[in-house]
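**Student:** Here's a structure for you.
Number of protein chains: 2
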Amino acid sequence: MQRGLNATREANFADWYQAVVREADLAENSPVRGSMIIKPWGYGVWELIQAELDRRIKASGHQNCYFPLFVPLSFIAKEASHVEGFAKEMAVVTHHRLAVIDGKLQVDPEAELEEPLVVRPTSETIIGDAFSRWVRSYRDLPLLINQWANVVRWEMRTRLFLRTSEFLWQEGHTAHATEADAMAETLSILEMYRDFSERTLAMPVIAGEKPENERFPGADATYSIEAMMQDGKALQAGTSHYLGTSFASAQNIRFQSETGELTLCHTTSWGVSTRLIGGVIMTHGDDDGLRLPPAIAPRQVVIVPILRDKPEDEAVLAYADALAVELAELTAFKAPVRVLVDRKPGRSGEKRWDWVRRGAPLIVEVGPRDAAGGQVTFMRRDQLWASEKVASVSEARAAFIAEVPARLAAIQQGMFDEAKARLYENIRDDIATFDQLAAHFGPAAEDEDANVTFKGWVRCAWSKPSGEALEEVTRRLKTLRLTIRNAPMAQPKTFGPCLFTGEPGVEEILVARAY
Amino acid sequence: MQRGLNATREANFADWYQAVVREADLAENSPVRGSMIIKPWGYGVWELIQAELDRRIKASGHQNCYFPLFVPLSFIAKEASHVEGFAKEMAVVTHHRLAVIDGKLQVDPEAELEEPLVVRPTSETIIGDAFSRWVRSYRDLPLLINQWANVVRWEMRTRLFLRTSEFLWQEGHTAHATEADAMAETLSILEMYRDFSERTLAMPVIAGEKPENERFPGADATYSIEAMMQDGKALQAGTSHYLGTSFASAQNIRFQSETGELTLCHTTSWGVSTRLIGGVIMTHGDDDGLRLPPAIAPRQVVIVPILRDKPEDEAVLAYADALAVELAELTAFKAPVRVLVDRKPGRSGEKRWDWVRRGAPLIVEVGPRDAAGGQVTFMRRDQLWASEKVASVSEARAAFIAEVPARLAAIQQGMFDEAKARLYENIRDDIATFDQLAAHFGPAAEDEDANVTFKGWVRCAWSKPSGEALEEVTRRLKTLRLTIRNAPMAQPKTFGPCLFTGEPGVEEILVARAY
């Protein structure tokens, strides 16, 4: 039987991932090592992610700004702990001119900058510098800023959407008068990310706090949402940091309180990136390609007219167009239904499979018989197969149209339910010792990208060791290529002994292999 | 009498411009020379510009993509004519790591890139490279791509929004099978820019073709829209280029035609940038600050509650909030009315002036008397003064609400009409010789940024000299600091003799001082 891809998740998950990105026409590698070209279908997904997140960010009182791409080297140097964390792998601008020398275009040695400029790996320092000027009095607080931008972190080993040198993201930066206010912000953003991820991306996640050695450098607390991919690995899909007063101290962000004292602000930062698209692929894709949750599908209904270079083609096209017009008047996910009539030249059979690979939620095929009989023949991308055949269904036109909003909602919900079941069914909580943990996960594969047997995650009690004791746990986990993902927000009331230290547990954590 | 600014257009237009940008809280200089920080109010304007242009770009069949920030040096070198035009002033990334050496964070000399990377001054070459891979057959044409991005052109002398090293823009790039198709695209985009500028920005422009020496390097034809600022200077507000087959040839963008021949594509490119915001400021601002056309005002109605730390404050706030809720349910410019209750601490008189400076179209002040009497007291930003007093008007609440959409439309139209009258009244068409031209414009001012007397533009017959003859005209114009802006699309049927060559005119051109 024909399938959408020549790769399967089971045979090699990494190859399958690449095949989906390519065959769904989401993105491609660019001639610049480590940078990607996001193609229209992939960028359309990102635009929908942006639109809904931006709506939420604004609704919660944040304002968008734009800060410079370049950060002076001295800013990075100021933030010592910061630097440590970013591994110093950054793109550095050292010159501002090209010149033809000896008949060849090259960097003009005369045009060296006095101070090198770093291409922002994050805007933490440049925004902190602005905050130090913008915050004067308690009246200026809270200061709630967000930015949509491109950032660059030099990467040696890249994978489209998951790890690229340049990526697109949103970074929120806020300043508050008190720890309580800043912490409330940190957690309300975490909850926004969780809700967004589950509702809009249909991607279930577990929100929780990172262990201290996984914190954003300089942060007092780092929270994340973690999603389970179909190979059982965890993907950190968003982070929210409470930075305490250390960034404010390094960057001199102070305010005059109501009583007149000059006081350090408490700051936060938080972000999600185009990595989310990688998460969507690995949560929902199947061996026929991508499956997009309708809420982020650039086209929710694609109509493929079956044309045969015959006189009846005209009636088929008119029928398809009229159907599209009616569908576009409907509402799904609080916006007009996004519908396309695929008029590009080409065989309808091939076009059907193109849209299967791209993951359009509803694919409609309209031929002369449908046009004549007032029917619609369609496939649900989430239920493509029925006993080894593509499940193509015919319905009366009016009934089909009436059902589209509910059907899109059902697809969205079904995809979420399926992923949620996978997540919760694959968190083991019956593993009590490190040996059991090692036995469960087995040795780390030679090639971590090739498929390893699906292992899921382990949830276990944790005594929250610190410093060297925590490093020791991390080292042991690393031999199994495991990491602590987070301590989920939802915790039981009592805990068994810590899997690692044997001491009384104070919380539970998730342990997994991860991207 | 109190005014919003301490600067006037008449005293020094350049100082006035800076004052508006600062006092309207639009943007500020950043610690990185030449780069700006776009603040929430300024970025809000940009988001509205983006949203409407993006809607139009998509409605005309274009798709958004994202291409890498970095362009390999070899790509720039390939495009020789291209390089010439960009004056080679570009930010160049030469290293990918920072390191602590001798206790100091610096560029790691070990981490030099094999090939330097240029921060995109435009994405022409990197998109051309993608097109060479994406275009195979006539079936792939037209290929209609747009990108929203940041670009960098190293500038020595910068001015916020008008000329900065980094700026935000949209760049369209398209490939077509025939010259006719590509030219139709070029002109339809020009018309889109004109209509957008006039309808959405209320900024009248004249669309036309640039003389050959002002073309985008390598282009066969360059078109622009030109707007008249309140100092009489021209601002090029958008460009659309027909690139012929030269870019396709340099970048190998070919397609197999229906008859099987391998044929070069005809390509176009076009863009507008954050410079448009500079145009809006200099078209609509006055000596009290910015005046925003309602279509791009982040808040169209701002309600300032007059609070006195007294028990009746609560009623005033409740009244303001209820008013805001009702207004937000109304529609203006096909979107919900954007309304804000300004609850920030501070005196209402100061807040009134803040919103005057920021250019909010309708500023409402609500005090205890209004709340008790069911009234609304408001100012129209476009009609702020009545015989040296701020024209504050009271209306019954229901009547005010009912009138808001029409009033916003009237403000938008009034601002456009005012600017259009200024434009057309200040184009002289009765100047026949170069001496008269020199006498009209007078000598070039020492400080071109300080105010010079308003001169407007001159429209004159033009014999379209080429090559050296054109250079000669350009040199003569340069002594007066004048340039040819464009040859307007709308032309008469007959022409007098050319002002410069005395030869028979073949079209009319606009001559002006310009930004």
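Line by line, the protein sequences give chains A and B.
Going by my numbering, the first sequence wraps up at 515, each residue one higher than the last.
Going by my numbering, the second sequence wraps up at 1515, each residue one higher than the last.
The C-beta atom is built at its ideal place from N, Cα and C for all residues, glycine as well.
Whose Cβ in chain A lies nearer than 9 Å to the Cβ of residue 1139 of chain B?
**Tutor:** Going along chain A in sequence order, the residues near residue 1139 of chain B (Cβ under 9 Å) are 344, 345, 346.
**Student:** When you compare each of B/1405, B/1176, B/1279, B/1219 to residue 1362 of chain B by their alpha carbons, which one comes out closest?
**Tutor:** Per the Cα distances, B/1405.
**Student:** Restricting to Cα atoms, I'd like to know which of B/1418, B/1326, B/1320 is closest to residue 1371 of chain B.
**Tutor:** Closest option to residue 1371 of chain B, Cα to Cα, is B/1320.
**Student:** Roughly how many angstroms separate the alpha carbons of residue 385 of chain A and residue 350 of chain A, rounded to a whole number?
**Tutor:** So the two alpha carbons sit approximately 17 Å from each other.
**Student:** Could you list which residues in chain B have their beta carbon closer than 8 Å to that of residue 98 of chain A, in chain order?
**Tutor:** Simply 1073, 1076, 1083, 1088, 1090, 1092, 1118.
**Student:** What's the call for residue 1101 of chain B, buried or exposed, on a 16-neighbour Cβ count within 10 Å?
**Tutor:** So residue 1101 of chain B ends up on the exposed side.
**Student:** From what residue to what residue does the beta strand (DSSP E) around residue 1376 of chain B run?
**Tutor:** Unbroken beta strand (DSSP E) run through residue 1376 of chain B: 1375-1380.
**Student:** In three-state terms, what does DSSP make of residue 1427 of chain B?
**Tutor:** In the structure shown, residue 1427 of chain B sits in a strand (DSSP, three-state: E or B).
**Student:** Enumerate, from N- to C-terminal direction, the unbroken alpha helix (DSSP H) stretches of 4 or more residues contained entirely within the region 207-280 of chain A.
**Tutor:** 246-251, all fully within the region 207-280 of chain A.
**Student:** Three-state secondary structure (DSSP) at residue 1342 of chain B?
**Tutor:** Note: residue 1342 of chain B maps to coil in three-state DSSP.
**Student:** What number of angstroms, rounded off, separates the C-alpha of residue 220 of chain A from the C-alpha of residue 502 of chain A?
**Tutor:** Approximately 26 Å, taken between the alpha carbons.
**Student:** For the alpha helix (DSSP H) that residue 40 of chain A lies in, which residues bound it at each end?
**Tutor:** Note, residue 40 of chain A: alpha helix (DSSP H), 40-59.
**Student:** Is residue 152 of chain A near residue 165 of chain A, with beta carbons less than 7 Å apart?
**Tutor:** In this structure, residue 165 of chain A lies closer than 7 Å to residue 152 of chain A by Cβ.
**Student:** Using three-state DSSP, classify residue 349 of chain A as helix, strand or coil.
**Tutor:** It is helical.
**Student:** Hey, how far is the Cα of residue 206 of chain A from the Cα of residue 1134 of chain B?
**Tutor:** Each residue's Cα considered, the two are about 40 Å apart.
**Student:** Just to confirm, is the Cβ distance from residue 1485 of chain B to residue 1177 of chain B under 7 Å?
**Tutor:** No, the Cβ-Cβ distance between residue 1485 of chain B and residue 1177 of chain B is not below 7 Å.
**Student:** Identify the contact partners of residue 1304 of chain B in chain A, using a Cβ-Cβ distance below 7 Å as the criterion.
**Tutor:** The contacting residues do not exist; residue 1304 of chain B stays about 15 Å from chain A at best.
**Student:** Should residue 1288 of chain B and residue 1004 of chain B be called a contact, given that it needs their Cβ atoms to be closer than 7 Å?
**Tutor:** Yes, Cβ-Cβ distance for residue 1288 of chain B and residue 1004 of chain B is below 7 Å.
**Student:** How far does the beta strand (DSSP E) with residue 518 of chain A in it extend, from its first residue to its last?
**Tutor:** Only positions 1 to 515 of chain A appear in this structure, which leaves residue 518 of chain A out of reach.
**Student:** With 7 Å set as the bound, which would you pick, yes or no: does the beta-carbon of residue 1018 of chain B sit closer than that to a beta-carbon of chain A?
**Tutor:** Answer no: the Cβ-Cβ gap between residue 1018 of chain B and chain A never drops below 7 Å.
**Student:** Would you list the residues sitting across from residue 188 of chain A in a DSSP beta bridge?
**Tutor:** The partner list for residue 188 of chain A (beta bridge, DSSP) is empty, contrary to what the question assumes.
**Student:** Would you identify the three-state DSSP class for residue 94 of chain A, choosing helix, strand or coil?
**Tutor:** Residue 94 of chain A: strand per DSSP, three-state reduction.
**Student:** Tell me which residues share the same chain as residue 273 of chain A and place their Cβ nearer than 7 Å to its Cβ, disregarding the 5 neighbours each side in the sequence.
**Tutor:** Around residue 273 of chain A: 167, 168, 169.
**Student:** Leaving out the 5 sequence neighbours to the left and right, which residues in its chain are closer than 7 Å to residue 122 of chain A when beta-carbon positions are compared?
**Tutor:** 151, 171.
**Student:** Can you tell which of A/37, A/139, A/127 has the C-alpha that lies nearest to the C-alpha of residue 1343 of chain B?
**Tutor:** When only C-alpha atoms are compared, the closest one is A/139.
**Student:** Does the CB of residue 70 of chain A have a neighbour CB from chain B at under 7 Å?
**Tutor:** True, the Cβ-Cβ gap to chain B drops below 7 Å.
**Student:** If you measure between the beta carbons of residue 73 of chain A and residue 109 of chain A, is that distance less than 7 Å?
**Tutor:** Against a cut-off of 7 Å, the Cβ pair of residue 109 of chain A and residue 73 of chain A comes out as no contact.
**Student:** Determine the burial state of residue 1093 of chain B: buried for a count of at least 16 other Cβ atoms within 10 Å of its Cβ, exposed for fewer.
**Tutor:** The residue in question, residue 1093 of chain B, is buried, as its Cβ has 16 or more Cβ neighbours within 10 Å.
**Student:** Can you name, in chain order, every residue of its own chain whose Cβ lies under 6 Å from the Cβ of residue 1075 of chain B, other than the five neighbours on each side?
**Tutor:** These residues qualify, in order along the chain: 1125.
**Student:** Could you please give me the residues that DSSP links to residue 1504 of chain B through a beta bridge?
**Tutor:** Partner(s): B/1497.
**Student:** For residue 1184 of chain B and residue 1438 of chain B, what's the separation of their Cα atoms in angstroms?
**Tutor:** Spanning the two alpha carbons is a distance of roughly 38 Å.
**Student:** At the 7 Å Cβ level, is residue 48 of chain A part of the contact set with chain B, yes or no?
**Tutor:** Residue 48 of chain A does not count as touching chain B.
**Student:** Could you check whether the Cβ of residue 1095 of chain B sits closer than 7 Å to any Cβ belonging to chain A?
**Tutor:** Closer than 7 Å: yes.
**Student:** Report yes if the C-beta distance between residue 1483 of chain B and residue 1514 of chain B is below 7 Å; otherwise report no.
**Tutor:** Yes, the Cβ-Cβ distance between residue 1483 of chain B and residue 1514 of chain B is below 7 Å.
**Student:** Measure the C-alpha to C-alpha separation of residue 32 of chain A and residue 1279 of chain B and round it to an integer number of angstroms.
**Tutor:** C-alpha separation (whole angstroms): 35 Å.
**Student:** Tell me, please, whether the CB atom of residue 1253 of chain B is closer than 7 Å to any CB atom in chain A?
**Tutor:** Chain A contact via Cβ: absent.
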